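Following the numbering used here, the numbering of the sequence shown begins with 28 at its first residue and continues without gaps. Ideal placement from N, C-alpha and C gives every residue a C-beta, glycine not left out. This one's a predicted model, so the numbers in the text were calculated from it and none came from an experiment. What follows is a set of notes on a single structure, which appears directly below.
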Amino acid sequence: METKIGLEIHCQLTGAKSKLFCSCSCEYRGKEANSNICPTCAGLPGTLPLLSRRAVELAGMISAALGCTVPEEIAFYRKNYFYPDLPKNFQLTQYNAYGITSMGVDGIMQYGDGKSARIRRVQLEEDPGRLVYEGSMETSPYALIDYNRAGVPLVEIVTEPDFADPKDVRLFLDKVTSLIEHLGVCDTRLEGSVRCDANVSVGGGNRVEIKNVSSFADVEKALRYEITRQNSMASRDIEIKSETRHWDDARKLTKESRTKEEEQDYRYFPEPDVPSIVLGSEFPSLVSRSMPELPDKRKERFISKHGLSPHVAQVLIDNKELADFFETAMSAHYLPREIANWIVNDLMGFVDEQQKEERSILAGLKVTPGHIAELARLVDEGTINRSIAQQVLAQAVKTGEMPSQVVRKTHSSRIDDSDELGRVVDSVFKAEQSAVQDAKSNANAANFLLGKVMAATKGRADPKAALELIHKKLAEQS
Ligand SMILES: [Zn+2]
Numbered sequence: 028m029e030t031k032i033g034l035e036i037h038c039q040l041t042g043a044k045s046k047l048f049c050s051c052s053c054e055y056r057g058k059e060a061n062s063n064i065c066p067t068c069a070g071l072p073g074t075l076p077l078l079s080r081r082a083v084e085l086a087g088m089i090s091a092a093l094g095c096t097v098p099e100e101i102a103f104y105r106k107n108y109f110y111p112d113l114p115k116n117f118q119l120t121q122y123n124a125y126g127i128t129s130m131g132v133d134g135i136m137q138y139g140d141g142k143s144a145r146i147r148r149v150q151l152e153e154d155p156g157r158l159v160y161e162g163s164m165e166t167s168p169y170a171l172i173d174y175n176r177a178g179v180p181l182v183e184i185v186t187e188p189d190f191a192d193p194k195d196v197r198l199f200l201d202k203v204t205s206l207i208e209h210l211g212v213c214d215t216r217l218e219g220s221v222r223c224d225a226n227v228s229v230g231g232g233n234r235v236e237i238k239n240v241s242s243f244a245d246v247e248k249a250l251r252y253e254i255t256r257q258n259s260m261a262s263r264d265i266e267i268k269s270e271t272r273h274w275d276d277a278r279k280l281t282k283e284s285r286t287k288e289e290e291q292d293y294r295y296f297p298e299p300d301v302p303s304i305v306l307g308s309e310f311p312s313l314v315s316r317s318m319p320e321l322p323d324k325r326k327e328r329f330i331s332k333h334g335l336s337p338h339v340a341q342v343l344i345d346n347k348e349l350a351d352f353f354e355t356a357m358s359a360h361y362l363p364r365e366i367a368n369w370i371v372n373d374l375m376g377f378v379d380e381q382q383k384e385e386r387s388i389l390a391g392l393k394v395t396p397g398h399i400a401e402l403a404r405l406v407d408e409g410t411i412n413r414s415i416a417q418q419v420l421a422q423a424v425k426t427g428e429m430p431s432q433v434v435r436k437t438h439s440s441r442i443d444d445s446d447e448l449g450r451v452v453d454s455v456f457k458a459e460q461s462a463v464q465d466a467k468s469n470a471n472a473a474n475f476l477l478g479k480v481m482a483a484t485k486g487r488a489d490p491k492a493a494l495e496l497i498h499k500k501l502a503e504q505s
């Protein structure tokens, strides 16, 4: 049966510094509850909202980067619903009506290998406050309300239901995240700064919305669970209700939370305290011009200018932090391909999945771009071979020592004295006489001898030089 998945991605504009309609800080995390509020964001009577220009510019950049049409005039609407996390009992958001659209409409974004998804709209709105429970929501004897987050500027990106496979959803979310990192609009490493709700329907049935999913990995899991659940119901002719379901992380399933509000339930109406704002005909092009280099362009540059493979370039640009790390290392020693391979193939092996999920790949890592640049240089100059370099990297990750320091301390630099290497080969020939006899007729047996030489030197021998010596010695003996 045909599966249709649409996404609503919420991204906090932490780069805007202040809340959307007052001058309170965006940084509510770690603060005492209800200390980051003022009469405006607390929704006290008589206060008036004042729109943040910076938030409008950042939201405009996101829209343009997603290929949306950016409007020349914007307006805000009240979305009415009663929930304790809303201090005003309505949320200020955007709505497409009377010829005025939200911050962006009708975009399209490429992702993965030649796939694309349409963006229905991008809107600017306020984040609600937070409800704090003791333990879980179901068992907590009370709910505490913290309005520190209320009013933080939020961009909601709504896609068309253009996904069929949860794996594609994941690729798309990674792309959007990298995009907003490159735009500098949102610090994606902050908990809850990028959140995603998804809606799913199978076989043209009712749409089910999945909320409360804390990570992108869980979005993928929740979608898989939900598709299986709906398919199984449909095959037994049970009607699928239009509803909102929450992802239960502990039990790894979605569960019913409430029947979904319909659009008319929100009674949208224009916010009388914020006039419609004319951004001007220059605004869309101004926004496009002020955008930094975006991931696709950066990937192209990594490939065409620095000779990286498309795969390696993709891994780097998927996380801005990693791409920046690469560029810094490369500026220390211009060995782009070697450095990129060390980062992608080796360094990433020391980063756990949890950190990758939280996008703080480099947090707590003792290895800097300088370390990787030096490691690549030591290999390039032939001071150490690759397998030694891997051990050196492991040591550097553990202690933060520079690779050259590790090499000096462990005498692990390559044996470039041919006499020394010759002595090792001699002793291997003495110890492995039957292999030597074999090697005279069987070329593969020479590799066995090489393995013994590498083991005896703990990998410090240059394999090419050692093999030459072995062949020379074999020729002498036959
Ligand atoms: Zn405030």
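If we count the other Cβ atoms within 10 Å of its Cβ and call it buried at 16 or more, is residue i buried or exposed?
i	result
Gly156	buried
Phe296	exposed
His338	exposed
Cys95	buried
Arg325	buried
Ser228	buried
Asn63	buried
Met130	buried
Lys282	exposed
Glu298	buried
Gln381	exposed
Phe109	exposed
Gly33	buried
Asp453	exposed
Ser468	exposed
Ser90	buried
Met164	exposed
Ala350	buried
Excluding five sequence neighbours on each side, which residues of the same chain lie with their C-beta closer than 7 Å to the C-beta of residue i?
i	result
Ala43	Cys53, Ser79, Arg81, Ala82, Leu85 and Pro180
Asp112	Pro155, Gly156, Arg157, Leu158 and Ile172
Ala400	Ala356, Ala359, His360 and Ile366
Ser385	Looking at the sequence shown, residue 385 is not Ser but Glu. Correct list, in chain order: Arg216.
Gly230	Met28, Glu29 and Ala261
Ala466	Ala472, Ala473, Leu476 and Leu501
Trp274	Ile237, Asn239, Val240, Asp245, Ala249 and Thr281
Apart from the five residues just before and just after residue i, which ones in its own chain have a Cβ nearer than 6 Å to its Cβ?
i	result
Val463	Phe456
Lys248	none
Val60	In the sequence as displayed, the identity of residue 60 is Ala instead of Val. Around Ala60: Asp173.
Cys38	Val182, Ile207, Cys213 and Val221
Ile184	Ile36 and Val149
Lys393	Gly427
Asp300	Leu75 and Pro76
Can you give the Cα-Cα distance for residue i and residue j, rounded to whole angstroms?
i	j	result
Gly141	Pro72	52 Å
Ser220	Gly70	23 Å
Glu153	Lys347	26 Å
Ala416	Val406	7 Å
Val196	Asn233	20 Å
Asp373	Phe475	27 Å
Val433	Ala423	7 Å
Lys479	Glu495	14 Å
Asp508	Gly409	No information on residue 508 is available, as it lies outside the stretch 28 to 505 that the chain covers here.
Trp369	Asp292	55 Å
Gly427	Phe352	16 Å
Ser50	Lys268	43 Å
Lys238	Gly211	26 Å
Phe117	Lys106	5 Å
Ile146	Ile135	5 Å
Met481	Pro490	7 Å
Thr128	Pro311	13 Å
Lys115	Asp192	39 Å
His333	Val97	34 Å
Asp133	Leu40	21 Å
Lys202	Lys425	31 Å
Assuming residue i and residue j form a contact by the criterion Cβ under 8 Å, report the distance between their Cβ atoms to the nearest whole angstrom.
i	j	result
Met318	Met88	6 Å
Leu119	Pro188	The Cβ separation is near 27 Å, so there is no contact.
Ser284	Arg272	6 Å
Arg441	Arg487	6 Å
Asp345	Ser242	Asp345 to Ser242, Cβ: 16 Å. No contact.
Arg404	Leu343	With 8 Å as the limit, Arg404 and Leu343 do not qualify as a contact, their Cβ atoms being about 20 Å apart.
For residue i, I'd like the list of residues in its chain whose CB is within less than 8 Å of its CB, leaving aside the five on either flank, ordered along the chain.
i	result
Ile330	Ser336, Pro337 and Ala340
Exercise. What are the uninterrupted segments assigned as alpha helix (DSSP H) that are 4 or more residues long and contained completely in the stretch 355-382, given in chain order?
Worked result: Here the runs fully enclosed are 363-368.
Counting only runs of 4+ residues fully inside the stretch 316-354, write out the alpha helix (DSSP H) ranges in chain order.
Runs of the alpha helix (DSSP H) lying entirely within the stretch 316-354 and spanning at least 4 residues, in chain order: 322-331 and 337-344.
inquiry  = Quick check on the DSSP output: what are the complete alpha helix (DSSP H) runs of length 4 or more inside the stretch 33-120, in order along the chain?
reply    = Annotation: the stretch 33-120 contains the following complete segments of the alpha helix (DSSP H) (minimum length 4 residues), in chain order: 80-92.
Worksheet item: Hey, which unbroken runs of the beta strand (DSSP E) at 3 residues or more fall wholly within the stretch 169-254?
Response: Within the stretch 169-254, the complete beta strand (DSSP E) runs of at least 3 residues are 170-173, 180-186, 221-229 and 235-238.
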